[in-house]
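Protein chains: 2
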Amino acid sequence: MIPEATIRRLSVYLRCLRRGLRRGEELVLSTQLARRCGTSASLVRKDLSYFGGFGIKGKGYRVADLIHAIESILGINKPIALILVGVGSLGRAILRYLQEVPYFNILGAFDNDEKKWGRRVGRVEVLPAHFLRRFLEENPVDLGVIAIPPEGVEEVVDTLERGGVRGVLSFALAEFEVPRNMVLEFVDIAAELEFLYYKANKLKT
Amino acid sequence: MIPEATIRRLSVYLRCLRRGLRRGEELVLSTQLARRCGTSASLVRKDLSYFGGFGIKGKGYRVADLIHAIESILGINKPIALILVGVGSLGRAILRYLQEVPYFNILGAFDNDEKKWGRRVGRVEVLPAHFLRRFLEENPVDLGVIAIPPEGVEEVVDTLERGGVRGVLSFALAEFEVPRNMVLEFVDIAAELEFLYYKANKLKT
DNA sequence: TAGATTGTTAATCGATTAACAATC
DNA sequence: TAGATTGTTAATCGATTAACAATC
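If you want it as structure tokens, here you go:
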């Protein structure tokens, strides 16, 4: 069984490796990658070894090859079909950001607010939220991103699940009593800051 | 030693408890809280027991009391002084969101772009990024939020650290070779989606 | 070949679970 | 008191580290 933390670190390695490649780096050692990514060399080697032997003993890892290997482990060597629900200020910002990532294919954005329908954020058109169900029947969607107030999350998650979406990232915490046939993650900025504040206070003492 | 995961869960419990309180709930059982927050009853009791005995044996936990207890554990019973660096589309959205949380006191927002100086996002004024160092000398700041491209993160973190900020939340991954006398957290939306996509694909098989 | 670093194993560390005694 | 649920302990599970044999 591969630890979840390993998968998360692969994303971090990928970013460090890409930056290395841009700088013209050809080989990288587990010690270097570890230092840059804030882990240990042991862990870098262990993480990679779950998926195969990507390194050259005595030499290190070929940067370009390792980037490819990690991309195909994560499955991002082909486009990921995304939609966004909730085009408020946060939703709009996320929508802009997601369009900058080459392997994200944003199929549409949905909102309740009539005034937003038909508007574009970058290349993506805002559609009425009640089109969502129909849209999912006609377009296979991998992941959904939700940026609406907490009260609405449950219902939207239901619709996405029935529409075949297998993963959801929500920017509002929701109570999720219902076990679901999908992967559900929450990003709560206030919670991150609370955690940070607690740790920062411990640091002082 | 208290697990980091425990602290993160406290934030989640807090949100579930507040929602319960709004519904008029007076007592809550560890089993109920666990179900709503996606953990186990054992873990709820263990997490709370690190900080004391907040429950009533045979009865459960008084919702209002537990909310207070968790707030003072996290230290959010007094305002947290925050600043934001980088007032792009994501920064603006975060700035709006943070202003909605009662215990966050946003002292200022900073940006490189001259055109943004003097503008307001809600109640917060955008100041020139080169004012930051001086600003920190005159205003004690608990936490900083960074929403700028990755290249600039290192320098801003330096400035914040020297200015006495003890915790930073960055929305761009940065390579952090330098060990720091502060707590540094990264939120990377693309990385979250990559993780979600990997897990969603495993789910199918 | 000699030198260096990977991949892997065993040991350690930490977090979660399960079970139950304490007690409201 | 009897019933119920907390707080806590010991057992389990999982992830990280350290050390080294394999090998480029």
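Respectively, the protein sequence lines represent chains A and B. Residues 144 to 348, numbered by this note's numbering, are exactly what the first sequence covers, in order. Residues 144 to 348, numbered by this note's numbering, are exactly what the second sequence covers, in order. The C-beta atom is built at its ideal place from N, Cα and C for all residues, glycine as well. Model, not experiment: these values are computed from the prediction.
Quiz prompt | Where A/Ile210 sits in the DSSP three-state scheme | solution = helix
Quiz prompt | Members of the stretch 307–326 of chain B near chain A, C-beta cut-off 8 angstroms | solution = Arg309, Gly310, Val311, Leu312, Leu316, Glu318, Phe319, Glu320, Asn324, Met325 and Val326
Exercise. List the endpoints of the continuous beta strand (DSSP E) containing B/Phe329.
Key: Val326 to Phe329
Quiz item: Hey, how far is the Cα of B/Glu168 from the Cα of B/Arg178?
Solution: 16 angstroms
Quiz prompt | Spatial neighbours of B/Glu214 in its chain, beta-carbon cut-off 6 angstroms, leaving aside the 5 residues before and after | solution = Asn220
Practice problem: Report, in whole angstroms, the separation of the C-beta atoms of B/Leu227 and B/Val288, which I expect to be a contact under 8 angstroms. | Solution: 5 angstroms
Practice problem: Rounded to whole angstroms, what's the CA-CA distance from A/Ala343 to B/Leu238? Just pull it up for me. | Solution: 21 angstroms
Self-check item: Beta carbon of B/Val188 nearer than 7 angstroms to that of B/Ser173
Solution: The identity of residue 188 of chain B in the sequence shown is Arg, whereas the question assumes Val. Yes, they are a contact pair.
Quiz item: Out of curiosity, what's the CA-to-CA distance linking B/Asn326 and A/Ile291?
Solution: Note on identity: in this sequence residue 326 of chain B is Val, with Asn being the wrong assignment. Approximately 29 angstroms between the Cα atoms of the pair.
Exercise. Please go through the same chain and pick out, in chain order, the residues whose beta-carbon is closer than 6 angstroms to the beta-carbon of B/Phe194, but skip the five residues on each side of it.
Key: Ile216
Exercise. Compare the C-beta of B/Ile150 against all C-beta atoms of chain A and say whether one is closer than 7 angstroms.
Key: yes
Quiz item: What residues from chain B crowd round A/Phe194, counting only those whose CB sits closer than 7 angstroms?
Solution: In chain order: nothing, as chain B lies at least about 11 angstroms away.
Quiz item: If we cut at 7 angstroms on Cβ distances, does A/Arg239 have a partner in chain B?
Solution: yes
Self-check item: Nearest-angstrom Cα separation, counted from B/Gly196 out to A/Ile145
Solution: 36 angstroms
Quiz item: Between B/Leu275 and the rest of its own chain, which residues show a CB-CB distance below 6 angstroms, the 5 nearest in sequence each way excluded?
Solution: Phe253 and Thr302
Exercise. Specify, as a first and last residue, the run of the alpha helix (DSSP H) that A/Ala252 falls within.
Key: That residue, A/Ala252, is in no alpha helix (DSSP H); its beta strand (DSSP E) goes Phe247 to Asp254.
Quiz item: At a Cβ threshold of 7 angstroms, is A/Glu169 touching chain B?
Solution: no
Self-check item: When B/Gly218, B/Glu280, B/Asn282 and B/Lys259 are compared against B/Pro271, the one with the closest alpha-carbon
Solution: B/Lys259
Quiz item: Straight-line CA distance for A/Arg161 to A/Val206?
Solution: 8 angstroms
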